[in-house]
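**Student:** Just so you know, the sequences run in chain order A and B. One gets this note's numbering by counting positions in the first sequence from 1 and adding 9 to each. One gets this note's numbering by counting positions in the second sequence from 1 and adding 7 to each. Even glycine gets a Cβ: it sits at the ideal position worked out from N, Cα and C. Just so we're clear, the structure is a prediction, and the values are computed from it rather than from any experiment.
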Amino acid sequence: MLLKNKTILEIIWIVAVIAILGWAAVSNASYTLSHGDNIANPVGGDPEGIVINVTGYQWAWQFQYPNGTISTDKVVLEVNTTYTFIVTSKDVIHDLYIPQFGVQVYAVYGHPNQVTFEPLKKGTFIFECVEYCGEYHYEMRGTVVVV
Amino acid sequence: MVDKRVRTLLIIFVEGIVVYFITSLLIIGPLFRKFYVGQPAVGLLPFAIPYVSLGIAVAFVTIAMTIYPVIKFKDRGDVIEE
Numbered sequence: 010m011l012l013k014n015k016t017i018l019e020i021i022w023i024v025a026v027i028a029i030l031g032w033a034a035v036s037n038a039s040y041t042l043s044h045g046d047n048i049a050n051p052v053g054g055d056p057e058g059i060v061i062n063v064t065g066y067q068w069a070w071q072f073q074y075p076n077g078t079i080s081t082d083k084v085v086l087e088v089n090t091t092y093t094f095i096v097t098s099k100d101v102i103h104d105l106y107i108p109q110f111g112v113q114v115y116a117v118y119g120h121p122n123q124v125t126f127e128p129l130k131k132g133t134f135i136f137e138c139v140e141y142c143g144e145y146h147y148e149m150r151g152t153v154v155v156v
Numbered sequence: 008m009v010d011k012r013v014r015t016l017l018i019i020f021v022e023g024i025v026v027y028f029i030t031s032l033l034i035i036g037p038l039f040r041k042f043y044v045g046q047p048a049v050g051l052l053p054f055a056i057p058y059v060s061l062g063i064a065v066a067f068v069t070i071a072m073t074i075y076p077v078i079k080f081k082d083r084g085d086v087i088e089e
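1. How long is the line joining the alpha carbons of residue 94 of chain A and residue 63 of chain B, rounded to whole angstroms?
2. State yes or no: is the beta carbon of residue 103 of chain A nearer than 9 Å to at least one beta carbon in chain B?
3. Using the beta-carbon of each residue, which ones in chain B are nearer than 9 Å to residue 113 of chain A?
4. Could you check where the alpha helix (DSSP H) with residue 47 of chain A kicks off and where it finishes?
5. Would you please verify whether the beta carbon of residue 67 of chain B is less than 9 Å from any beta carbon of chain A?
6. Contact between the segment 97-109 of chain A and the segment 60-74 of chain A is defined here as three or more beta-carbon pairs at a separation below 8 Å; is this criterion met?
7. Taking three-plus beta-carbon pairs below 8 Å as touching, is the segment 41-48 of chain A in contact with the segment 46-64 of chain B?
8. Which residues in the same chain have their Cβ closer than 8 Å to the Cβ of residue 39 of chain B, if we skip the five residues on either side of it in sequence?
9. Please compile the residues from chain A whose C-beta is within a distance smaller than 8 Å of the C-beta of residue 58 of chain B.
10. Give, in chain order, every residue of the segment 28-53 of chain B whose Cβ lies closer than 9 Å to some Cβ of chain A.
11. For the beta strand (DSSP E) that contains residue 32 of chain B, what are its first and last residues?
12. List the DSSP bridge partners of residue 150 of chain A.
13. Locate the alpha helix (DSSP H) running through residue 69 of chain B, then write down its first and last residues.
14. Under 9 Å Cβ-Cβ, which residues of chain B neighbour residue 128 of chain A?
15. Could you name the residues of the same chain whose beta carbon sits closer than 8 Å to that of residue 81 of chain A, not counting the 5 residues immediately before and after it, in chain order?
16. Indicate the three-state DSSP secondary structure (helix, strand or coil) for residue 109 of chain A in the structure shown.
17. Examine the Cβ distances between the segment 11-30 of chain A and the segment 8-19 of chain B and report whether three or more of them are shorter than 8 Å.
18. According to DSSP, is residue 31 of chain A part of a helix, a strand, or is it coil?
19. Comparing alpha-carbon positions, which option in B:37, B:36, B:88, B:68 lies nearest residue 157 of chain A?
20. Is the Cβ-Cβ distance between residue 154 of chain A and residue 99 of chain A less than 9 Å?
21. Are any of the Cβ atoms in chain A nearer than 9 Å to that of residue 21 of chain B?
22. Using a Cβ-Cβ cut-off of 9 Å, state whether residue 47 of chain A counts as contacting chain B.
Structural data, given as structure tokens:
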């Protein structure tokens, strides 16, 4: 057998695997515990930055700015500014996903969730619904314009 | 003297480490830094780049360990008696 009597090699193998998995677990846990606002949570406490109310419905996304202005399938944000999206739904469950900011939050009827993020670069980026929500699910996409 | 096949295994491991560094420094790192443009994504890059690069390196080591003995030593396992 190839590894017969190769105790040291086997120990190295086991220790290396434990070390890698341990590092992954510790780094995940430490980041998650220290960046709770960046992970979607039920609404509660004081939201950080500018609050934008987001409503998902079959089949579009509506954004309401603090001054009351409403836009559909397009949201304009300022670079290097912190925003909190409070996301809910008018009907079925949707899921707002902005890949380039690392933002993903479920839109659930009667259960608003919030997520805090900050655009760091100007440009136009895509967001979309990533929870299958009906026949025209694919139409639930739009753009984030960072100016 | 290290056994020939154990040496091969160690060489594959070392190659895996090289693949990890090449992937993280030249492929996944630049690609992720270009793609992600906001927090929390940018804050996660120090974790995301090593995770993905490690995954690719592990895949390389696994595939290399599987196919290398077959190619190099014509090692096709034991003949199983019916």
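**Tutor:** Based on what the coordinates show:
1. 34 Å
2. no
3. Under the 9 Å cutoff, chain B gives no residues; its nearest Cβ is about 10 Å from residue 113 of chain A.
4. Premise fails: residue 47 of chain A is in no alpha helix (DSSP H) and is neither H nor E.
5. no
6. yes
7. yes
8. 52, 55, 56, 59
9. 33
10. 42, 43, 44, 45, 46, 47, 48, 49, 50, 51, 53
11. Segment: none, residue 32 of chain B is in no beta strand (DSSP E) and carries neither H nor E.
12. A:137
13. 48-80
14. 44, 45, 46
15. 69, 70, 71, 72, 151
16. helix
17. yes
18. helix
19. Residue 157 of chain A is absent from the structure shown; chain A starts at 10 and stops at 156.
20. no
21. no
22. yes
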